[in-house]
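For the sequence shown, the numbering used here assigns the number 5 to the initial residue and increments by one for each residue that follows.
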Amino acid sequence: MSPDAIRELARHFPGRWDHHYIAAKIKSDPLYEAVLAEFRESELPLLDLGCGLGLLAFFLRHNGLGFPILSLDYDQRKILEARRVAGELGLERLDFEHHDAREGLPAHQGNVSILDILQFFKPAEQQLLLTEAAERVAPGGKLVIRSGLRDRSLRFRITVAGDLFAKWTFWMKAAPVYYPGREDFEQALSDHGRLSISPLWGGTPFNNHLIVLTKATAG
Ligand SMILES: C[S@@+](CC[C@H](N)C(=O)[O-])C[C@H]1O[C@@H](n2cnc3c(N)ncnc32)[C@H](O)[C@@H]1O
Numbered sequence: 005m006s007p008d009a010i011r012e013l014a015r016h017f018p019g020r021w022d023h024h025y026i027a028a029k030i031k032s033d034p035l036y037e038a039v040l041a042e043f044r045e046s047e048l049p050l051l052d053l054g055c056g057l058g059l060l061a062f063f064l065r066h067n068g069l070g071f072p073i074l075s076l077d078y079d080q081r082k083i084l085e086a087r088r089v090a091g092e093l094g095l096e097r098l099d100f101e102h103h104d105a106r107e108g109l110p111a112h113q114g115n116v117s118i119l120d121i122l123q124f125f126k127p128a129e130q131q132l133l134l135t136e137a138a139e140r141v142a143p144g145g146k147l148v149i150r151s152g153l154r155d156r157s158l159r160f161r162i163t164v165a166g167d168l169f170a171k172w173t174f175w176m177k178a179a180p181v182y183y184p185g186r187e188d189f190e191q192a193l194s195d196h197g198r199l200s201i202s203p204l205w206g207g208t209p210f211n212n213h214l215i216v217l218t219k220a221t222a223g
């Protein structure tokens with residue numbers, strides 16, 4: 005996204021914290037470009053779990069991807085903000101709903117994204133969420149996850165500190181509970197399709213990885 009486009013999107017979020025967060029996040033984090041690259045060739049509907057302020061949906065629309073997007077988050081304030089901004093921008097086929105992903109997922113067949121939320125789930129809840137998400141991926145579709153990966157690196161320790169800071173500043177409602185390791189993704193997902201796990205930290209100090217499950221096309 006160009007600096008002007010980032011400024012224009014951030015302008016729709018008048019709260020000082022949201023405004024600066026959005027501008028800094030899109031500029032510094034390679035996340036949304038990476039997810040865009042995964043979904044660029046797809047026309048399948050997307051289910052985005054733990055969508056926050058809806059940045060992924062706005063970013064994909066800005067880059068010309070027009071498939072329907074249902075974005076869920078259990079933070080009602082963020083859902084209301086995202087809905088308001090989608091209305092202001094006149095974006096269609098974008099829905100934002102208040103929903104706790106620990107209470108099961110809605111019916112869906114398409115692509116699924118889970119970006120930076122797994123650390124708020126207990127291990128058993130993560131396994132259930134990953135399984136339910138994988139079951140909602142259509143043939144030829146993808147489940148795209150970004151997560152800090154539990155390992156022995158300094159990056160991992162910085163990731164934990166960053167999430168604790170987000171809780172301390174009340175940006176996140178919850179403190180991190182458990183970071184999945186490579187083996188947790190393999191256990192939940194490898195029976196559902198092809199799994200790839202690769203670093204995605206860009207210029208950040210965090211131990212972020214992109215985890216992509218690709219389902220074979222039907223037939
Ligand atoms: C770090 S933010 C990531 C936001 C968004 N995925 C992104 O990357 O731009 C994590 C989000 O997950 C949401 N979240 C955490 N636990 C959740 C749950 N059980 N159900 C739904 N959303 C949840 C939080 O409210 C927060 O908005």
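All C-beta atoms in this analysis are idealised placements derived from N, C-alpha and C, irrespective of residue type, glycine included.
On the criterion of 16 or more Cβ atoms from any shown chain inside 10 Å, does residue i qualify as buried, or is it exposed?
i: T163; result: buried
i: F169; result: exposed
i: H66; result: buried
i: D195; result: exposed
i: D167; result: buried
i: K82; result: buried
Between the Cα of residue i and those of the options, spot the shortest distance and give me the residue it belongs to.
i: V141; options: S32, A38, K219, P34; result: K219
i: F160; options: P203, H196, R198; result: P203
i: H213; options: P127, Q123, E45; result: Q123
i: I121; options: A222, Y183, L74; result: Y183
i: P34; options: T221, A222, I215, W205; result: W205
i: R186; options: G145, S200, H196; result: S200
i: K126; options: G207, L64, R106, K29; result: R106
Might you give, ordered along the chain, the residues of its own chain that have their beta carbon closer than 8 Å to the beta carbon of residue i, omitting 5 neighbours on each side?
i: A192; result: Q130, Q131, L134, T135, A138
Going by DSSP, what residues sit across from residue i in a beta bridge?
i: V213; result: It should be pointed out that residue 213 corresponds to His in this sequence rather than to Val. The partner list for H213 (beta bridge, DSSP) reads S151, P203.
i: L98; result: I73
i: T218; result: K146, R198
Residues in its own chain within less than 6 Å of residue i by CB, not counting five upstream and five downstream?
i: D104; result: Y78
i: I149; result: I118, I215
i: E92; result: H16
Subject >> Sufficient close CB pairs (3 or more, under 8 Å) joining the segment 110-124 to the segment 87-98 >> reply: With the cut-off at 8 Å, the segment 110-124 and the segment 87-98 do not touch.
**OP:** Take every Cβ of the segment 34-44, pair it with every Cβ of the segment 72-79, and state whether three or more of those distances are shorter than 8 Å.
**Re:** Proximity of the segment 34-44 to the segment 72-79 falls short of the contact definition, fewer than three beta-carbon pairs being nearer than 8 Å.
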